[in-house]
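What follows is a set of notes on a single structure, which appears directly below.
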Amino acid sequence: TKLSPTIYLQEPLHSSSDSTADPHGQPQTVLLAFWMNAQPRAYTKYITQYQTLLPHARILILLITSASFLLPPNPTTEQARLSPAISALRAFSPQSEKVHIHLFSNGGVFTTTNLLTAYREATGHALPVSSILIDSAPGKPTIAGGFRAFSYVLPSNVVLRALGQMVLGLGLVMMFTGFWLCGVRDAVSLGRAALNDGGLVGEATEGVKRCYVYSESDELVEWRDVEEHADEAEKLEVGEVKKEKFTGSKHVCHMRVDSERYWGIVRELI
63 TKLSPTIYLQ EPLHSSSDST ADPHGQPQTV LLAFWMNAQP RAYTKYITQY QTLLPHARIL
123 ILLITSASFL LPPNPTTEQA RLSPAISALR AFSPQSEKVH IHLFSNGGVF TTTNLLTAYR
183 EATGHALPVS SILIDSAPGK PTIAGGFRAF SYVLPSNVVL RALGQMVLGL GLVMMFTGFW
243 LCGVRDAVSL GRAALNDGGL VGEATEGVKR CYVYSESDEL VEWRDVEEHA DEAEKLEVGE
303 VKKEKFTGSK HVCHMRVDSE RYWGIVRELI
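For what it's worth, the working numbering labels the leading residue of the sequence shown as 63, then goes sequentially.
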């Protein structure tokens, strides 16, 4: 079901009363927050696998475009963009249910933390998150990293790509300079900090489990930044923290490199 251009709801394959489903102790809601400009052919594989793992669970799919990163972060705008997801979550009465979050890249971090913030503001309490899988994130904001990330959407034509890279490079320099001059925090920094906010991800349920999946071969997110964030989470005691470093896998491609290990991690987490 399409709730908005960037939000979709997949109903459970089996109801909780179906004899073929065993929802006891498992999440009834799965939030999938995908990377920036994710294409259906890539993210559908994750949806299908979760339908197999948790056939009784509803799946809320959250997408994000480049515009959310190119413009200064605006809480009001993001809250409006995510309002269909908030309405859907409130309709589920999730305070009595478990919620599993699987997010990808800095785009997924930004979407997820904005959703958790908006949900808390709308309801007065945190979403009852039981587990979080963090794939290829969170990174730190750099012009070089931003350039590589946004270059993925540039045309393949050599001339057009070169022109696009010139405009992109200039735009990123202007954006970072503008943020610095105005004292505005960028989307990556905001999401990174919020992900370790116990009031968002550690308050609703005791023993929230989280796992970071990452690789030294990731060309967009520095693996040391991921490990640093995981170490901070452990010190802040926002929940049980685990790190899973893959070998040879690129950004958000860990599942493709070792599917068996990847989904084994998910099964253990949920």
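Cβ coordinates follow ideal geometry from the N, Cα and C atoms, glycine included.
Query                                                                                                                                   : Result
Assigned exposure category for glycine 261 - 16 Cβ within 10 Å defines buried                                                           : exposed
Alpha helix (DSSP H) runs wholly inside the segment 244 to 331, at least 4 long, in chain order                                         : 249 to 256, 260 to 263, 285 to 298, 316 to 319 and 321 to 331
Continuous alpha helix (DSSP H) assignments of at least 4 residues falling wholly in the segment 95 to 131                              : 102 to 115
Alanine 153 versus methionine 228: straight-line alpha-carbon distance, rounded                                                         : 46 angstroms
Given 8 angstroms, three or more beta-carbon pairs between the segment 171 to 183 and the segment 297 to 309                            : no
Cβ neighbour criterion (16 or more within 10 Å) applied to glutamine 90                                                                 : buried
Buried/exposed call for histidine 313, threshold 16 Cβ in 10 Å                                                                          : buried
Proline 200 to asparagine 168 span [Cα, whole Å]                                                                                        : 6 angstroms
Distance, glycine 87 Cα to histidine 76 Cα                                                                                              : 16 angstroms
Straight-line Cα distance separating tyrosine 108 from aspartate 320                                                                    : 14 angstroms
Residue burial classification, histidine 187 (beta-carbon count within 10 angstroms, cutoff 16)                                         : exposed
Residues of its chain near asparagine 176, where Cβ-Cβ distance is below 7 angstroms and the 5 sequence neighbours each way are ignored : Glu140 and Leu144
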